[in-house]
Amino acid sequence: MVIAAIVLWNTVYSEKAVDYLKQQGMDIPEEYLQHLSPLGWEHINLTGDYVWNLKQATSFDKLRPLRVKENKYR
Numbered sequence: 002m003v004i005a006a007i008v009l010w011n012t013v014y015s016e017k018a019v020d021y022l023k024q025q026g027m028d029i030p031e032e033y034l035q036h037l038s039p040l041g042w043e044h045i046n047l048t049g050d051y052v053w054n055l056k057q058a059t060s061f062d063k064l065r066p067l068r069v070k071e072n073k074y075r
């Protein structure tokens, strides 16, 4: 279940990142997207205590914003 949650999280944010790059004018051919993998999880900390608020409703419209780095080569 943890792996499924990580894949979902990575898929949602990968889509947001691709959409952002396209809005910035970057040409990303659709055939390139099939080579992205949502399986990486080195950016996720799996140690510690986790408290889940099951009464708190959320949606994919209320995700935290992307961290955008300025491209110094533009």
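The sequence shown: position 28 = 29 (this note's numbering), numbered continuously.
Glycine residues also receive a C-beta, built at the ideal position from the N, C-alpha and C atoms.
Quantities reported herein were computed from a predicted structural model and do not represent experimental measurements.
> Which one of Y33, S15 and N54 has the shortest CA to CA distance from L40?
Replying inline: In the sequence shown, the residue the question calls residue 40 occupies position 39. When only C-alpha atoms are compared, the closest one is S15.
>> Relative to the C-alpha of K70, which candidate in I7, V52 and Q25 has its C-alpha closest?
In response: Numbered from its first residue, the sequence shown carries residue 70 at position 69. Check the Cα spacing between K70 and each of I7, V52 and Q25: the tightest is with Q25.
> So what does DSSP say about D20, is it helix, strand or coil?
Replying inline: Numbered from 1 along the sequence shown, position 19 holds the residue referred to as residue 20. Note: D20 maps to helix in three-state DSSP.
> Helix, strand or coil: which one does DSSP assign to I45?
Replying inline: Walking along the sequence shown from the start, residue 45 turns up at place 44. Coil, per DSSP.
> Is the beta carbon of I45 sitting closer than 8 Å to the one on I7?
Replying inline: In the sequence shown, the residue the question calls residue 45 occupies position 44. In the sequence shown, the residue the question calls residue 7 occupies position 6. Yes, they are a contact pair.
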